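Novice:
Residue numbers (the numbering used here): 288 to 497.
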């Protein structure tokens, strides 16, 4: 397979995967609406960095390691599911609390926190890692030139952070923000339920295959 075509095919596949709803999408939407555009963009940047980490792991063949050590993959799924459950609990617990939406309410530290939360949410999803590994295993040629290894990480960064930047910009507009403030308790609880459902699904699926 031609190296240029392979890189383009990988980029297209990852773009489709990034656009599919999941815990990362829920987290970015909630961050952008509940806090600010800046916080949503920080979370989007964290998603991009997480994508680069998955890209590097896929290039180094971590999926092959998981294929040979199923217990390691099961443990990774349980850890990711547990993180999503903790995140869901925190969202549910604070669902009824009023939200301070003043412009200066979120400082530099909170923006960094949103970045860290985005990164952690991205990395906690083992299905994303498996997806990356599958795409790279299927489309990455064995004789990929050095430029391909140098180009792929920034391409992945652009895809992941670019998509979630669009999500953050869309959901940080005044109308979605006002709607969120009106229905905060129930929106947060729905988001928490989605997070918890995804976390439990990861844990139970790993136990069934253990």
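Built from N, CA and C at the ideal position, the CB exists for glycine as well. Since this is a predicted model, take the numbers as computed values, not measurements.
Start and end of the alpha helix (DSSP H) containing residue 346?
Specialist: Where residue 346 is concerned, the enclosing alpha helix (DSSP H) stretches over 324–346.
Novice: Tell whether a beta-carbon distance below 8 Å holds between residue 302 and residue 378.
Specialist: Their beta carbons are not under 8 Å apart, which means residue 302 does not touch residue 378 by this criterion.
Novice: Using 10 angstroms around the beta-carbon of residue 393, count the other beta-carbons present and answer buried if the total reaches 16, otherwise exposed.
Specialist: Its pLDDT being 47, under 50, residue 393 is placed unreliably by the model, and the measurement read from it follows with that caveat. Residue 393 comes out buried.
Novice: On the three-pair Cβ rule with 8 Å, is the region 446–464 touching the region 314–323?
Specialist: Yes, since at least three Cβ pairs between the region 446–464 and the region 314–323 fall closer than 8 Å, the two stretches touch.
Novice: Quick one: Cα of residue 402 to Cα of residue 480, how far?
Specialist: Each residue's Cα considered, the two are about 22 Å apart.
Novice: Have a look at residue 355 and residue 329 and give me their C-alpha separation to the nearest angstrom.
Specialist: Those two C-alpha atoms are separated by around 36 Å.
Novice: What three-state label does DSSP hand residue 413 in the structure shown?
Specialist: Three-state DSSP puts residue 413 in a helix.
Novice: Whole-angstrom Cβ separation of residue 343 and residue 486, contact assumed at under 8 Å?
Specialist: Not confirmed; about 25 Å, so no contact.
Novice: Quick one: measure Cβ to Cβ for residue 507 and residue 339, integer angstroms, because I've assumed they're closer than 8 Å.
Specialist: In the structure as shown, the chain begins at 288 and stops at 497. Residue 507 is therefore absent and cannot be evaluated.
Novice: Less than 8 Å separating the beta-carbons of residue 493 and residue 364?
Specialist: It is a contact, given that the beta carbons lie within the stated cut-off.
Novice: Give me the Cα-Cα distance between residue 436 and residue 474, rounded to the nearest whole angstrom.
Specialist: Approximately 41 Å between the Cα atoms of the pair.
Novice: Below 8 Å on the Cβ atoms is my contact criterion, and I expect residue 419 with residue 345 to pass it. Report the Cβ-Cβ distance as a whole number of Å.
Specialist: Confirmed, Cβ separation roughly 4 Å.
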